[in-house]
Amino acid sequence: VSPRPIGWISTRGADRQDNLAPYSFFNAVAYVPPQVMFASTTAKPDRDGTKDSVAQIRETGVFCVNIVEHAAREAMNQTSKAYPRTTDEFAAAGVPKAECLVIHCPRVDGAPASLECRLTQIVKLPGKANFLVLGEVVGFHLRDDCIRDGRFDVTAFNPVSRLGYRDFATVTEVFEMIRPDD
């Protein structure tokens with residue numbers, strides 16, 4: 002499935018340890034109320050069969066989805082490393098951090114968009130370490146320079162998507178189509 006948007010998921014554990022990791026199995030799944038999902042498909046030996054993000058979301062019930070712009074691609078890639086659970090990936094990758102306003106969680110300061118989410122459910126999928134995480138968006142942040150004519154303009158920041166293998170792409174061109182029923 003290609004291209005896939007990347008959700009740069011930030012979390013904070015019950016021990017106040019912050020985490021930041023990219024997930025290309027990510028998307029919006031509903032409008033009312035607004036809901037998103039991401040899937041985690043690998044495990045770390047120090048996290049009992051999952052990754053830090055999923056473990057921390059289980060502990061706290063919240064997470065933040067940060068949208069990755071082209072300018073942040075190297076930092077995003079750096080946060081994909083399997084760091085020890087005591088590592089703050091924000092600090093390790095030099096990513097500026099800000100506090101969310103509605104939930105107790107960090108977000109990427111300066112991200113084009115950040116979606117504050119409350120966990121609705123975690124679904125264990127078939128396979129060794131496959132988890133689907135669903136959350137309701139309860140707050141959001143949009144960067145001012147990404148708003149044009151009252152709309153969120155993705156060409157203002159060129160979001161990064163995963164194509165597969167080691168390939169990525171950005172959105173540089175947008176076109177509009179009117180649906181037959183509109």
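Just so we're aligned: the sequence shown equals residues 2 to 183 in our numbering.
The beta-carbon is built from N, C-alpha and C at its ideal position, and this holds for glycine as well.
Treat the numbers as computed from the prediction; the structure is a model and nothing was measured.
Drop a sphere of 10 angstroms on the beta-carbon of residue i, count the other beta-carbons inside from all chains shown, and report buried for 16 or more, exposed for fewer.
i, result
"Tyr166", "exposed"
"Asn20", "buried"
"Glu100", "exposed"
"Gly151", "exposed"
"Pro97", "exposed"
"Ala73", "buried"
"Ser3", "exposed"
What does the alpha-carbon distance come out to for the pair residue i and residue j?
i, j, result
"Asp49", "Thr171", "35 Å"
"Val175", "Val109", "25 Å"
"Ala15", "Glu60", "6 Å"
"Leu120", "Ile58", "7 Å"
"Thr43", "Arg149", "38 Å"
"Asp154", "Ile68", "13 Å"
"Tyr84", "Tyr32", "34 Å"
"Pro23", "Glu177", "29 Å"
"Thr80", "Pro181", "43 Å"
"Gln122", "Asp183", "34 Å"
"Val30", "Gly8", "13 Å"
"Arg5", "Arg163", "5 Å"
In chain order, what residues of the same chain have a beta carbon less than 7 Å from the beta carbon of residue i, not counting five sequence neighbours either side?
i, result
"Leu116", "Val37, Cys65, Val66, Val138, Phe141"
"Gly95", "Ala76"
Which residue or residues does DSSP assign as beta-bridge partners of residue i?
i, result
"Thr12", "Asn20"
"Met38", "Asn28, Leu135"
"Asn67", "Trp9, Ser115"
"Phe153", "Ile148"
Given residue i, which residues of its chain have a CB within under 6 Å of its CB, disregarding the five upstream and five downstream residues?
i, result
"Ile104", "Val63, Glu117"
"Phe158", "Glu70, Pro113, Cys147"
"Arg144", "Pro113"
Mind checking which residues open and close the beta strand (DSSP E) that includes residue i?
i, result
"Thr121", "114 to 125"
"Ile179", "Careful: Ile179 lies outside any beta strand (DSSP E) and carries neither H nor E."
"Ala99", "98 to 100"
"Ala170", "168 to 171"
"Arg163", "161 to 165"
"Arg108", "107 to 109"
Which residue marks the beginning of the alpha helix (DSSP H) containing residue i, and which one marks its end?
i, result
"Ser54", "53 to 61"
"Arg144", "Unbroken run through Arg144: none, as it is neither H nor E."
"Phe1", "Because the chain here runs from 2 to 183, residue 1 falls outside it and cannot be looked at."
"Arg74", "74 to 79"
I'd like to confirm something about residue i: is its beta-carbon nearer than 8 Å to some heavy atom of the ligand NAD, or not?
i, result
"Ala22", "With respect to the ligand NAD, the structure offers nothing, as it holds no ligand at all."
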